[in-house]
Structure formats: C-alpha cells, structure tokens
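These protein sequence lines map, in sequence, to chains L and B. When you read off a place in the first sequence, starting at 1, and then add 5, the result is the number in my numbering. When you read off a place in the second sequence, starting at 1, and then add 346, the result is the number in my numbering.
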Amino acid sequence: MEKDFSRRSFIKGMAVGTMAGYFGAAGLSSTVFKSQLLPKEKLNPVDIGQVKSLKIKVISETSWYDNNVFLNDVKKAGGLLVNQYEIPWTREGVKAGYLGDNLGGFSTYIEAELMDGKVIKILQDTGWNPHWMDKRFKEEGIAEKLARKEIDFQVITHEHIDHFFGIESTTRHYPDIPMYVPKGFYQDGFDLLKGKSFPKANVKNDHPHKGKVTVLDSKQVNVLYPGIALMTFDVPIILRVFGEQAFVFNVKDKGIVLVTGCCHQGIISYMEEVRKKILGGQKIYAVQGGLHISPFEDWDPQYDDLIMAFNKYGVQKIGCNHCTGFITAEKMIKAGLPVVKGTARHMSKRDIYLGNGDELVIA
Amino acid sequence: MEEDVKEVKKEKGWGSGILVGLLVGIVLFMLTYQLLLMAK
C-alpha cells in the first residue's frame, strides 16, 4: 500500500485542499454563518423620552429662486469650496426672485407637546434674505411669537447662507433668544450673530444677538426636553461650512420623527445613527425637511440606490422639501415612498412636496 | 505495460492530500479571522 502512495501527489492535493479549505471557510463564514460568527453590534441607545404630539410648519423652504443665478455666483467666486462670506450673492435683477432678489431662505417652526401638556416652541433656522424672511415670519405669526418671547429657543442646523444669514429677521424681534449651533461654527458665524457685516457677501445683522449660544457637539445625543433631542454630525459642507445638527423627536404611539435642515450628513447615515443611538430608533415614523439629494435638479444613478435603501426603513411619512429636489421627490413617489404633498403657495414652485406654509402634524 | 501501471500508482495520494489540505485551510482561515478580530 505504502509503495503505491506518491508523496508528490499528496503535496499537490494538500495545496489544492488548503486553498479550497481557506476560501471555502471564508465564503461560508461570511454568508451562511455570518450572524453566528460576526461580533454583535454594541448598542447603547439613549432613552430620550416621549412627546405627545408634534406640529411642523414650513415657514420657508425656498433657499433661492433661480438655481442658475446661484450657481453662477458660486462659479464666478471660484467654486463650491469658496468661503460663503466672500461670495457676492446676486440681490437684484432676478426675474424669478422675490422683488428681484435671488435670495430666499430656509426656516421651520415646530411645536412639540410634552407629555405633561406643555408646548415647546422651536424656530429651526432663520433663512437668508431678511426681506423675504420678515414677510414669511409676519404671514405665519412667527414675528409676533418672537416679539412676545413665546418661542423657547432657536436651532441653527448649520451655518449655510440660506439657513443662517437672515439672522436679523429673528433677532430684530427677540435679540436674546436662546440659540443652539453645531460644533464647527466658524468665527465669522459668531461675528455675524454679534452684529458684524460682511459687505462682500451682502450680509449684515443690525440686531446683534444678546442671548445664550450653546454649541452642541457630536459626542453625545443632546436631549433638550423629554422626547426632543438634537444630534450633531461632524460633516464638511460646501462653501466652507462644517457640522450640521438635526432633530430627533420621539412621538408617543407613532415613533421617531426626524426633522432636518439640509441633511448634509446623508439621510441614510442619519437614520443609521438614530437606529444605533436612540432607544426606539428602529422605528422611524416620519422624516421632515431637506434631504439634500438633488438640490440642483441633477441626477446620478447612485441616488437610485439611495432611494432603494431609504425604502427599506419603512418610514410612513416623508415631509421632504428644500434641497431634496423635485426629481428626487418624483423618484421617491414612483418607488412607493410616502411623500407628503404640499400646496405650492407662497412662492413654493410645486406641490409635489411640503412647501411654504404647509404643515405636517404627527399626533 | 509495467511502466503504465507504475504511472497510475504514482498518482495515488491526491485524495488524502486534499482532505488534509481542507483541514489545514480551515484552521488557517480561523487563525486569520481570530487575528483580525484581535487587531480590531
């Protein structure tokens, strides 16, 4: 028997067997036995509590009126990485603009009813063009609420032009409003808050902010009231901005409601972070605000994957607008996602998603 | 004829080689996996 045995054949067989065994084991462990072998995800979710109900009103979702004019301003200044405080933004002669001004702005008003019945009133962002924002604040009763100091605090989601440069529309009524900004705010932003002008960018603040400014970082979930939290994301953004924060509400009997400014952190990353860090984060009931997918109405095939991924989370209401893009909304609706329709009023161009003056109620 | 028989006999050993190789391969993979986990 031993005489028939070939050492060379045995070694050849062993070489083939080793390769097959190694890659076979790798293949099986990453597929069939994946769940048994991979280390379990360590989750330590934060219980943020609950609110009874939520009302989200779009004050303005129109950041600017003419995309081409906006992009031309950026191009002439040197591109998307140029400091936003040094770009001469077009403020007159724009046919589609508000009184010829291309600037609009983003702002949302939120009322969250706590479990004890107390209603917390929040102003998210303050827009860009003070004339436009003053008009919208007046039309929606925000100016009066600010003047009566009824609004509990303001959250600046990020430092971008259209969310922050219209700060005087808020501070002219309520200069000491408590304010939350994300970590990464530049000194220019704090200077604008304090009343500095930036003539090159056509931005000023004649009503310096005198209240408390709290800078929130990304190390923890920042619970402001039971059921109301802010999450900060360390994300670099175009036009030399860094950091964005977004709301997480936990509405009783409904689930988690996410309210964003522009969502530069990415909607999937945002939902994943919520799933990992917030108790109940597996059930995201609604998403509201800008989703930053096709703000300039361009389309990339990878966005189709994003919509497919979004579809898996089972979100029941999508109150998107602003930088989400009309093409994205169309594709979402086609994919069966529950996009909430708007009314196309107050210079919002289409009713495909929530526009200026529209409201999303979660109760 | 005798030469031919000799040639066939020389090919013996493949089967046991593959069996031993498979085991070695699996053990090697497990070691790499553990090392990677430890490095993490």
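Note that CB positions come from ideal geometry on N, CA and C, so glycine has one too.
Looking only at its chain, what residues have a beta carbon closer than 6 Å to the beta carbon of Leu296 (chain L), apart from the 5 residues adjacent to it on each side? Cys268, Ile272, Cys325, Thr329
In three-state DSSP terms, what is Pro241 (chain L)? strand
Taking the DSSP output, what are the residues bridged to Glu249 (chain L)? L:Phe238
Three-state secondary structure (DSSP) at Thr348 (chain L)? coil
Are there 16 or more other CB atoms within 10 angstroms of the CB of Asp181 (chain L), so buried, or fewer, so exposed? exposed
In its own chain, which residues sit with a C-beta less than 6 Å from the C-beta of Lys209 (chain L), not counting the 5 before and 5 after it? Ser202
At which residues does the alpha helix (DSSP H) containing Pro306 (chain L) begin and terminate? 306-316
So, for Ile53 (chain L): in the same chain, excluding its five sequence neighbours on each side, which residues have a beta-carbon less than 8 Å away from its beta-carbon? Val226, Val228, Pro231, Gly232, Ile233, Ala234, Val253, Asn255, Ile283, Leu284
Which residues, taken in chain order from the segment 362-380 of chain B, show a beta carbon closer than 9 Å to some beta carbon of chain L? Ser362, Gly363, Ile364, Leu365, Val366, Gly367, Leu368, Leu369, Val370, Gly371, Ile372, Val373, Leu374, Phe375, Met376, Thr378, Tyr379
Coil, strand or helix - Tyr275 (chain L) by DSSP: helix
Only counting runs of 3 or more residues, tell me where the beta strand (DSSP E) segments fall wholly within the segment 164-200 of chain L, in order along the chain. 184-187
Looking at the secondary structure, which residues open and close the alpha helix (DSSP H) in which Glu46 (chain L) lies? Segment: none, Glu46 (chain L) is in no alpha helix (DSSP H) and carries neither H nor E.
Considering only the alpha carbon of each residue, which of L:Ile242, L:Thr333, L:Lys140, L:Ala82 lies closest to Pro343 (chain L)? L:Thr333
Would you please verify whether the beta carbon of Asp222 (chain L) is less than 8 Å from any beta carbon of chain B? no
Interface residues of chain L around Leu382 (chain B) at Cβ under 9 Å? Under the 9 Å cutoff, chain L gives no residues; its nearest Cβ is about 11 Å from Leu382 (chain B).
Using a Cβ-Cβ cut-off of 8 Å, state whether Arg12 (chain L) counts as contacting chain B. yes
Which class does Asn255 (chain L) belong to by DSSP, given the choice of helix, strand or coil? strand
Sort out for me which residues DSSP pairs Tyr27 (chain L) with in a bridge. BP columns for Tyr27 (chain L) are empty, so no partner.
Under 8 Å by beta carbon: chain B residues contacting Ala30 (chain L): Gly371, Ile372, Phe375, Met376
If distances are taken between C-alpha atoms only, which option among L:Lys322, L:Gln321, L:Ile338 comes closest to Ile312 (chain L)? L:Ile338
Would a check of beta-carbon distances place Phe15 (chain L) closer than 8 Å to chain B? yes
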